[in-house]
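A.B. asks:
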Amino acid sequence: MLPRLNLKCLLLASAFSLAGMVAHAETLRVAIGYDPISLDPIATSDNGSIWTQLLIFDTLIRPDKTGEGLEPGLAESWTVSDDGLTLNFKLRDAKFSDGTPVTAADVQFSIERAASEASGWGRFYRPITSFEIISDREITMKLAEPFTPAFNNLALFAAAILPKAQVEAKGDAFFDAPVGSGPFMLTSRVRGSRVNLAKNPHYWQQGKPFVDEAVLEVVTEPSARVIKLEAGEVDVALDPPLNQLKELDAKDGISVGQTIPYRADFVQLNTTRKPFDDERVRLALNHAVDKNALVQGVLFGAGKPAASAMPVMAYADQNLAPYDYDLAKAKQLLAEAGYADGFEAQLVVDSGAATSRNAAIALQAMLQQVGVKLKIQMLEGGTQWETTKAGNYDMSVSYTTSDTIDPDQIIGFVAVNPERANAYHTEWKSDRLNALYVEERKTVNGDARGAMFKEMIQILHDGAPYIFLYHPASAWAVQDKVKGFEILPTSNFRLEDVQIEN
Amino acid sequence: MFLAISKRLLMLIPVLIGITMISFLLLQIMPGDPASRAMGTRASPEELQAMRELWGLGKPLWVQYLYFLRDCVTGSFGMSIFHKQPIIDLVAERLPFTLAIVGYSTVIALLIALPFAILAAANRGRMLDNVIRQIFVVVVAMPPFWLCYVLILWLALRMGWFATGGVGDGFVANIGRLFLPSLVVGLSTAALIQQSLRAALIDTMKADYIDTARAKGLRGREVFLRHILPNSLISTISIIGVRVSWIIGGTVVVEKIFSVPGLGSLLIDAIVSRDLPVIRGLTVFFAIMVVIVNLITDICYALADPRVRLE
Numbered sequence: 000m001l002p003r004l005n006l007k008c009l010l011l012a013s014a015f016s017l018a019g020m021v022a023h024a025e026t027l028r029v030a031i032g033y034d035p036i037s038l039d040p041i042a043t044s045d046n047g048s049i050w051t052q053l054l055i056f057d058t059l060i061r062p063d064k065t066g067e068g069l070e071p072g073l074a075e076s077w078t079v080s081d082d083g084l085t086l087n088f089k090l091r092d093a094k095f096s097d098g099t100p101v102t103a104a105d106v107q108f109s110i111e112r113a114a115s116e117a118s119g120w121g122r123f124y125r126p127i128t129s130f131e132i133i134s135d136r137e138i139t140m141k142l143a144e145p146f147t148p149a150f151n152n153l154a155l156f157a158a159a160i161l162p163k164a165q166v167e168a169k170g171d172a173f174f175d176a177p178v179g180s181g182p183f184m185l186t187s188r189v190r191g192s193r194v195n196l197a198k199n200p201h202y203w204q205q206g207k208p209f210v211d212e213a214v215l216e217v218v219t220e221p222s223a224r225v226i227k228l229e230a231g232e233v234d235v236a237l238d239p240p241l242n243q244l245k246e247l248d249a250k251d252g253i254s255v256g257q258t259i260p261y262r263a264d265f266v267q268l269n270t271t272r273k274p275f276d277d278e279r280v281r282l283a284l285n286h287a288v289d290k291n292a293l294v295q296g297v298l299f300g301a302g303k304p305a306a307s308a309m310p311v312m313a314y315a316d317q318n319l320a321p322y323d324y325d326l327a328k329a330k331q332l333l334a335e336a337g338y339a340d341g342f343e344a345q346l347v348v349d350s351g352a353a354t355s356r357n358a359a360i361a362l363q364a365m366l367q368q369v370g371v372k373l374k375i376q377m378l379e380g381g382t383q384w385e386t387t388k389a390g391n392y393d394m395s396v397s398y399t400t401s402d403t404i405d406p407d408q409i410i411g412f413v414a415v416n417p418e419r420a421n422a423y424h425t426e427w428k429s430d431r432l433n434a435l436y437v438e439e440r441k442t443v444n445g446d447a448r449g450a451m452f453k454e455m456i457q458i459l460h461d462g463a464p465y466i467f468l469y470h471p472a473s474a475w476a477v478q479d480k481v482k483g484f485e486i487l488p489t490s491n492f493r494l495e496d497v498q499i500e501n
Numbered sequence: 000m001f002l003a004i005s006k007r008l009l010m011l012i013p014v015l016i017g018i019t020m021i022s023f024l025l026l027q028i029m030p031g032d033p034a035s036r037a038m039g040t041r042a043s044p045e046e047l048q049a050m051r052e053l054w055g056l057g058k059p060l061w062v063q064y065l066y067f068l069r070d071c072v073t074g075s076f077g078m079s080i081f082h083k084q085p086i087i088d089l090v091a092e093r094l095p096f097t098l099a100i101v102g103y104s105t106v107i108a109l110l111i112a113l114p115f116a117i118l119a120a121a122n123r124g125r126m127l128d129n130v131i132r133q134i135f136v137v138v139v140a141m142p143p144f145w146l147c148y149v150l151i152l153w154l155a156l157r158m159g160w161f162a163t164g165g166v167g168d169g170f171v172a173n174i175g176r177l178f179l180p181s182l183v184v185g186l187s188t189a190a191l192i193q194q195s196l197r198a199a200l201i202d203t204m205k206a207d208y209i210d211t212a213r214a215k216g217l218r219g220r221e222v223f224l225r226h227i228l229p230n231s232l233i234s235t236i237s238i239i240g241v242r243v244s245w246i247i248g249g250t251v252v253v254e255k256i257f258s259v260p261g262l263g264s265l266l267i268d269a270i271v272s273r274d275l276p277v278i279r280g281l282t283v284f285f286a287i288m289v290v291i292v293n294l295i296t297d298i299c300y301a302l303a304d305p306r307v308r309l310e
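The listed protein sequences derive, respectively, from chains Y and L.
Using numbering that gives the first Met the number 0, the letters of the first sequence correspond one by one to residues 0 to 501.
Using numbering that gives the first Met the number 0, the letters of the second sequence correspond one by one to residues 0 to 310.
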């Protein structure tokens, strides 16, 4: 009789304790705009996937909260040799969410996988040509020739560290129920609807995450995300409509925040066509645009004027000022170039991007004042890309975002010609800038490399193959009880730092 | 009957071949390179080329078409470039929600439309008839996106009776969750049904056999339930058929606002991301659904009205 009673007590006790745990389980609910497509870090480039992966997996090093430097991730310390050819990492005592330790073999496997043919990000990691496992907790990577961005690229989601044994055993099926060393682990997901995450009990940051569970609710409509927040169905709403920010902030129990992520918006100018081949015309256009008015009118104040087509990131020159709004100077420059009466041009814009559309209409009115008549042509996003790529345009409202914290990728894209995009389809080129680009990639991180970037950005600013517009902010809105939520300049967010106050 | 249905199913084959050809060729004309869309704007030419090879985008058109036909016949409808899953799996994840809205909204539409149609027909030409008609004209004229937000702000946010969107786990949870989206879709269906059913009821009331029924001494109620209503509902069947075909792929706005992962938003997302296999596969899938719905409509017609034959 006694043992049975004991068992009963035990069952009862455990039932109570379970009930207690359930009652105390804190869940953070986040409304996000994108449904993750896949949790395989080397197969994706969409925001939903990247943000979710970064909650489940860790990288060796990661961007710090300012977005301009790096901080330890799974590697607690590292050294880079003076010639930039040898990278050494010491791993911290970390475990995957199933309790197995993270080892140097996992690191080698993951980076080699990220460099493989199957990877969408292979070119970022192929410069690393060999690995040497020194111990379970120490690994050295070697490059055949100097390529500084390779180190910084290890902070990218694509270089997430995966458990070798499990990925090899399960293949692609691993990513349906992934195991990582990040703050959260996947419990279940309903495609197109939500991702359920639970705290990783083995997470290496003591005491984090603060919440027990997190739910990413996929709500693609920005207004619907705000409504969900107001109804108390979610604790955090990402990217609320910018025109509702002020109103939201004024509401009781809700506060909003914003960050300037790695993004720059601009108008591409086709420098193979007249009159955009004349630098004076390009400068005139830059002086004729009131960037502050655009930030207020188009972004509802959530952003700042841009001085360049480069996002504000590592090695950015904080002192470089945007072109001032000066109609007299613009008119004078146009007159010098022989366009005293202005000219007509076509402005291509993505019909699906509301902000760009509004910016185009504002630009039309602003440039009218110096006699430049714009005809706005709305094209579907994919078509716009094809049109500018083919060089079949005068002006096009566009933007760029950076995947990595190293500015190498993005400067190659918006300023170098010939390169992948030939200075982003403006066909503008500067030999000095091209030479600096080659040099920068061989120079180890530090002041010398920083000076090269500053010079390149200055040349881009002076050459003005774009009308530089603004850096729009990424905004969020939270219930007041949510503490510590922020969007990082890399556009993702660290839910492990978030607390819910009761 | 069985023979007639089999015949109709056989006639499907040429229709479907036509549809596969048209959807395939139209997408070839569509500008936008799926490889550069998938790889992001910063991919190198070599990477883009590798991607095109992988998806067979560089193969001759007729070869690509034959691959597509093979995928349709084997039932996978092709592989999604973005989701890297067979399209039929993507459809299977979303179809339950779409079908739920189809069914739910139709029930709501009938519950609203039937009483008002009967009331209007019984009072034809009078004040009440006019008021009902005006109300339904307003309902049919309301833009769905506006109605969605009004319902959310009023019933979900102010009154707190419903969730503002999203789907739940299991059947019971979704009865509440899918009510508002189904109501929006159902209201416009109701407006269409009410108007046609009212007209049909009035027509039927004037028919000779109704006079006969009355003459042989049936009471008003019995005449109505046994003769007038069944004979008038036939027009309603065809309206429901047309609406169902439309709802399967056409409720994108409602799906987006209420965050319902349905087939409509799958199609729109695929168009935006240039996921050609998904656009193609879904077009064919929708076509099959429309043909099947039409067939079911015709069968219902034949069952409801013995004079109609399935030929």
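For glycine and all other residues, C-beta sits at the position ideal for the given N, C-alpha and C.
Roughly how many angstroms lie between the CA atoms of I55 of chain Y and A176 of chain Y, to the nearest whole one?
C.D. replies: Numbered from 1 along the first sequence, position 56 holds the residue referred to as residue 55 of chain Y. Numbered from 1 along the first sequence, position 177 holds the residue referred to as residue 176 of chain Y. Each residue's Cα considered, the two are about 11 Å apart.
A.B. asks: Tell me the rounded alpha-carbon separation between A22 of chain Y and F209 of chain Y.
C.D. replies: The count along the first sequence starts at 1 and reaches residue 22 of chain Y at position 23. The count along the first sequence starts at 1 and reaches residue 209 of chain Y at position 210. Bear in mind that a pLDDT of 45 at A22 of chain Y, under 50, signals an unreliable position, so the number given afterwards is only what the model happens to contain. For A22 of chain Y and F209 of chain Y, the distance between alpha carbons rounds to 15 Å.
A.B. asks: Closer than 7 Å, Cβ to any Cβ of chain L: which residues of the stretch 174 to 203 of chain Y, in chain order?
C.D. replies: Those would be R190, G191, S192, in chain order.
A.B. asks: So is H82 of chain L in contact with chain Y if we call contact Cβ pairs under 9 Å?
C.D. replies: Along the second sequence, read from residue 1 onward, the residue named residue 82 of chain L stands at position 83. Chain Y, which has a Cβ nearer than 9 Å to the Cβ of H82 of chain L, makes this yes.
A.B. asks: Among the residues of its own chain, which have a CB less than 6 Å from the CB of F156 of chain Y, if the five just before and after it don't count?
C.D. replies: As a working note, residue 156 of chain Y is residue 157 in the first sequence. Excluding residues within five positions, the ones whose Cβ falls inside 6 Å are P40, I49, Q52, L53.
A.B. asks: Taking 6 Å as the limit between beta carbons, can you name the residues of its chain near A286 of chain L, skipping five residues before and five after?
C.D. replies: As a position in the second sequence, residue 286 of chain L is number 287, starting the count at 1. Contacts found: I18.
A.B. asks: Measuring straight from C-alpha to C-alpha, what distance separates L432 of chain Y and I60 of chain Y?
C.D. replies: Here residue 432 of chain Y refers to the residue found at position 433 when the first sequence is read from its first residue. Here residue 60 of chain Y refers to the residue found at position 61 when the first sequence is read from its first residue. Looking at the two C-alpha atoms, the distance is approximately 29 Å.
A.B. asks: Could you compute how far the alpha carbon of N152 of chain Y sits from the alpha carbon of T403 of chain Y?
C.D. replies: Position 153 of the first sequence, counted from the start, is the residue given in the question as residue 152 of chain Y. Position 404 of the first sequence, counted from the start, is the residue given in the question as residue 403 of chain Y. So the two alpha carbons sit approximately 6 Å from each other.
A.B. asks: So which residues on chain L does V217 of chain Y lean against when the C-beta distance must stay under 9 Å?
C.D. replies: On the first sequence, residue 217 of chain Y is found 218 positions in, with the first residue counted as 1. Neighbours of V217 of chain Y on chain L, chain order: G165, S258, P260.
A.B. asks: Quick test of your reading: P221 of chain Y and G32 of chain Y, contact by CB under 8 Å. State the CB separation rounded to the nearest angstrom.
C.D. replies: On the first sequence, position 222 is the one that residue 221 of chain Y refers to. On the first sequence, position 33 is the one that residue 32 of chain Y refers to. About 7 Å separates the two Cβ atoms, so the contact holds.
A.B. asks: Just to confirm before moving on: does the CB-CB distance between T128 of chain Y and T442 of chain Y stay below 9 Å?
C.D. replies: Translated into positions along the first sequence, residue 128 of chain Y becomes position 129. Translated into positions along the first sequence, residue 442 of chain Y becomes position 443. Not closer than 9 Å, so no.
A.B. asks: Excluding five sequence neighbours on each side, which residues of the same chain lie with their C-beta closer than 8 Å to the C-beta of I111 of chain L?
C.D. replies: Translated into positions along the second sequence, residue 111 of chain L becomes position 112. Excluding positions up to five away in sequence, the list reads G185, L186, A189, Q193.
A.B. asks: Give the residues of chain L in contact with A230 of chain Y, contact being defined as C-beta atoms less than 7 Å apart.
C.D. replies: Working through the first sequence from its first residue, we reach residue 230 of chain Y at position 231. Those within 7 Å of A230 of chain Y in chain L are A155, L156, T163.
A.B. asks: With a threshold of 16 other CB atoms inside 10 Å of the CB of L366 of chain Y, please say whether the residue is buried or exposed.
C.D. replies: For the purposes of this step, residue 366 of chain Y is identified with residue 367 of the first sequence, where counting begins at 1. By the neighbour-count rule (16 or more Cβ atoms within 10 Å), L366 of chain Y is buried.
A.B. asks: Nearest CA to the CA of R262 of chain Y: which residue from Y:F275, Y:S473, Y:E485?
C.D. replies: Locating residue 262 of chain Y in the first sequence gives position 263, where the first residue counts as 1. Checked all of Y:F275, Y:S473, Y:E485; the closest Cα to R262 of chain Y is Y:S473.
A.B. asks: Counting only Cβ pairs nearer than 7 Å, list the residues of chain Y close to K255 of chain L.
C.D. replies: Position 256 of the second sequence holds residue 255 of chain L. Ordered by position in chain Y, the residues that pass the 7 Å Cβ test against K255 of chain L are T219, E220.
A.B. asks: Look at C147 of chain L and F1 of chain L and say whether their C-beta atoms are less than 9 Å apart.
C.D. replies: Looking up residue 147 of chain L in the second sequence gives position 148. Looking up residue 1 of chain L in the second sequence gives position 2. No, Cβ-Cβ distance for C147 of chain L and F1 of chain L is not below 9 Å.
A.B. asks: What does a CB cutoff of less than 8 Å around Y208 of chain L pick up in its chain, not counting 5 residues either side in sequence?
C.D. replies: Residue mapping note: residue 208 of chain L aligns to position 209 of the second sequence, counting from 1. So the list reads H226, once near-sequence residues are dropped.
A.B. asks: Does any residue of chain L bring its CB to less than 9 Å from the CB of K250 of chain Y?
C.D. replies: Here the question's residue 250 of chain Y lines up with position 251 in the first sequence. For K250 of chain Y, the answer is no, since every Cβ of chain L falls outside 9 Å of its Cβ.
A.B. asks: Please confirm if the stretch 186 to 196 of chain Y is in contact with the stretch 94 to 105 of chain Y, defined as three or more CB-CB distances below 8 Å between the two stretches.
C.D. replies: The stretch 186 to 196 of chain Y vs the stretch 94 to 105 of chain Y: no contact.
A.B. asks: Taking contact to mean 3 or more Cβ pairs, one atom from each stretch, closer than 8 Å, check whether the stretch 450 to 462 of chain Y and the stretch 410 to 422 of chain Y are in contact.
C.D. replies: Yes: the two stretches touch, three or more of their Cβ pairs being nearer than 8 Å.
A.B. asks: Taking contact to mean 3 or more Cβ pairs, one atom from each stretch, closer than 8 Å, check whether the stretch 236 to 250 of chain L and the stretch 208 to 225 of chain L are in contact.
C.D. replies: Output reads no: the stretch 208 to 225 of chain L does not touch the stretch 236 to 250 of chain L.
A.B. asks: Evaluate the contact criterion for the stretch 64 to 79 of chain Y versus the stretch 7 to 18 of chain L: three or more CB pairs, one atom per stretch, below 8 Å.
C.D. replies: No: fewer than three Cβ pairs fall under 8 Å.
A.B. asks: In angstroms, rounded to a whole number, what distance separates the CA positions of C299 of chain L and Y64 of chain L?
C.D. replies: Translated into the one-based positions of the second sequence, residue 299 of chain L becomes position 300. Translated into the one-based positions of the second sequence, residue 64 of chain L becomes position 65. Distance between the alpha carbons of C299 of chain L and Y64 of chain L is about 36 Å.
A.B. asks: Counting only Cβ pairs nearer than 7 Å, list the residues of chain L close to I36 of chain Y.
C.D. replies: Counted from its first residue, the first sequence places residue 36 of chain Y at position 37. Ordered by position in chain L, the residues that pass the 7 Å Cβ test against I36 of chain Y are F81, H82.
A.B. asks: Report, in whole angstroms, the separation of the C-beta atoms of V251 of chain L and L191 of chain L, which I expect to be a contact under 8 Å.
C.D. replies: To locate residue 251 of chain L, count along the second sequence from 1; it is residue 252. To locate residue 191 of chain L, count along the second sequence from 1; it is residue 192. Not confirmed; about 19 Å, so no contact.
A.B. asks: Using only CA atoms, which one of L:D70, L:F81, L:Y103, L:G102 lies nearest to I87 of chain L?
C.D. replies: For the purposes of this step, residue 87 of chain L is taken as residue 88 along the second sequence, with counting starting at 1. Among L:D70, L:F81, L:Y103, L:G102, the Cα nearest to that of I87 of chain L is on L:D70.
A.B. asks: To the nearest angstrom, how far is the alpha carbon of W120 of chain Y from that of P488 of chain Y?
C.D. replies: The sequence position of residue 120 of chain Y within the first sequence is 121, counting from 1. The sequence position of residue 488 of chain Y within the first sequence is 489, counting from 1. Distance between the alpha carbons of W120 of chain Y and P488 of chain Y is about 21 Å.
A.B. asks: Please report whether the beta-carbon of K227 of chain Y lies at a distance below 9 Å from any beta-carbon of chain L.
C.D. replies: Within the first sequence, residue 227 of chain Y is the residue found at index 228, counting from 1. Yes - at least one Cβ of chain L is within 9 Å of the one on K227 of chain Y.
A.B. asks: What does the Cβ neighbour count give for P142 of chain L, buried or exposed, with the cut at 16 atoms within 10 Å?
C.D. replies: Residue 142 of chain L sits at position 143 when you count from the first residue of the second sequence. When all chains shown are included, P142 of chain L counts as exposed.
A.B. asks: Would DSSP call M10 of chain L helix, strand or coil?
C.D. replies: By one-based count along the second sequence, residue 10 of chain L stands at place 11. Correct three-state label for M10 of chain L: helix.
A.B. asks: Pick out the complete beta strand (DSSP E) segments inside the stretch 323 to 393 of chain Y, 3 residues or longer, and give them in chain order.
C.D. replies: 343 to 349, 372 to 378, all fully within the stretch 323 to 393 of chain Y.
A.B. asks: Name, please, each residue of chain L whose Cβ falls closer than 9 Å to the Cβ of A42 of chain Y.
C.D. replies: Here residue 42 of chain Y corresponds to residue number 43 of the first sequence, with the count starting at 1. Within chain L, the residues near A42 of chain Y are K83.
A.B. asks: Output, in chain order, the set of chain L residues within a Cβ distance shorter than 7 Å of A114 of chain Y.
C.D. replies: Here residue 114 of chain Y corresponds to residue number 115 of the first sequence, with the count starting at 1. Under the 7 Å cutoff, chain L gives no residues; its nearest Cβ is about 13 Å from A114 of chain Y.
A.B. asks: Compare the C-beta of R93 of chain L with all C-beta atoms of chain Y and state if any pair is closer than 9 Å.
C.D. replies: Position 94 of the second sequence holds residue 93 of chain L. At least one chain Y Cβ lies under 9 Å of R93 of chain L.
A.B. asks: Compare the C-beta of L191 of chain L with all C-beta atoms of chain Y and state if any pair is closer than 9 Å.
C.D. replies: Here residue 191 of chain L refers to the residue found at position 192 when the second sequence is read from its first residue. Cβ-Cβ to chain Y under 9 Å: no for L191 of chain L.
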